[in-house]
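In this note's numbering, the protein residues as written are 3 to 264. Glycine is no exception: its CB is placed at the ideal position from the N, C-alpha and C atoms. The structure displayed is predicted, hence computed values, not measured ones. Below is one structure, written out as structure tokens, with a few remarks after it.
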Ligand code: SAH
């Protein structure tokens, strides 16, 4: 039977995932703890990616080489770069770019040398299923205005709307990754100008996408917007991960595995 990898970027998210895998078994490889279990009958292996592109690439490689996974699902949080991606929204990736890859003038900026491209697309079917699961989870009011108010944040921060005028949305599009926590308005604006398609910025997805592409393993990823990658990003991020992000990931994955078991 096929095995699916569930990769979380942060500890609270992994903890919420592990709550669904009561009979799980653990194995340590390359200093990472891989947890093997079943989610609605589907064999899964859950692991923390760790932070940054290299750590995430190592994790993805071990998942494929040692655990023989047939698909990789990534959940985490990200900074919203596009005005569309507001705190509390979910972005499902259709493709990834490394925003800090620049071997110019030898290669065009963002192009991964010797790959002949900058964009690494996610798997279409898996991505559609993940987006559907995210829609289903959000439709249950997983993160409504009341929850955001509780942690002292505003839904649709920066959109000019108050919390109760906006409900969380699911977007699908480009996510950019780099080894930098983007925490100034200036850098976020620079990224938006350089990569106008980008919805969100994080630190691991493009690396996992590249490894999965190398091995021909289907990959899909979702990120909950925890901050606007601006001057408030640090404070927003910490509050959000602690109180909210873990609920999102586990609920969306639960919908995902429920759909698959039907
Ligand atoms: N000290 C933190 C470090 C987290 S780094 C800790 O508690 O571990 C931020 C993580 O969230 C990364 O995994 C990254 O993928 C994602 N992320 C969220 N907002 C981001 C932003 N504005 N810029 C870059 N990555 C962001």
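- The segment 174-240 contains, as complete beta strand (DSSP E) runs of 3+ residues, the segments 200-204 and 221-229 (chain order).
- In the DSSP secondary-structure assignment, residue 172 is bridged to 92.
- At least 7 Å separates the beta-carbon of residue 246 from that of residue 66.
- DSSP assignment within the segment 25-88 yields the following whole beta strand (DSSP E) runs of 3 residues or more, N-terminal first: 27-31, 34-41, 44-50 and 73-82.
- In the structure shown, residue 122 falls within a strand segment according to DSSP collapsed to helix, strand and coil.
- Assignment of residue 6 by DSSP, reduced to helix, strand and coil, places it in the strand class.
- DSSP places residue 261 in the uninterrupted alpha helix (DSSP H) bounded by 248-263.
- Annotation for residue 7: 47, 65, 71 and 74 place their beta carbon closer than 6 Å to its own, counting only its chain and skipping 5 residues before and after.
- No heavy atom of ligand 1 is found nearer than 6 Å to the CB of residue 232.
- By the C-beta density criterion, residue 80 is buried, having at least 16 other C-beta atoms within 10 angstroms.
- By the CB criterion at 7 Å, residue 76 and residue 223 fall inside the cutoff.
- Two segments are said to touch when three or more pairs of C-beta atoms, one from each, lie closer than 8 Å; by this definition the segment 253-264 does not touch the segment 110-121.
- With fewer than 16 neighbouring CB atoms inside 10 Å of its own CB, residue 118 falls in the exposed class.
- Secondary-structure assignment with DSSP links residue 97 through a beta bridge to 123 and 176.
- When beta bridges are read from the DSSP output, residue 19 appears opposite no residue.
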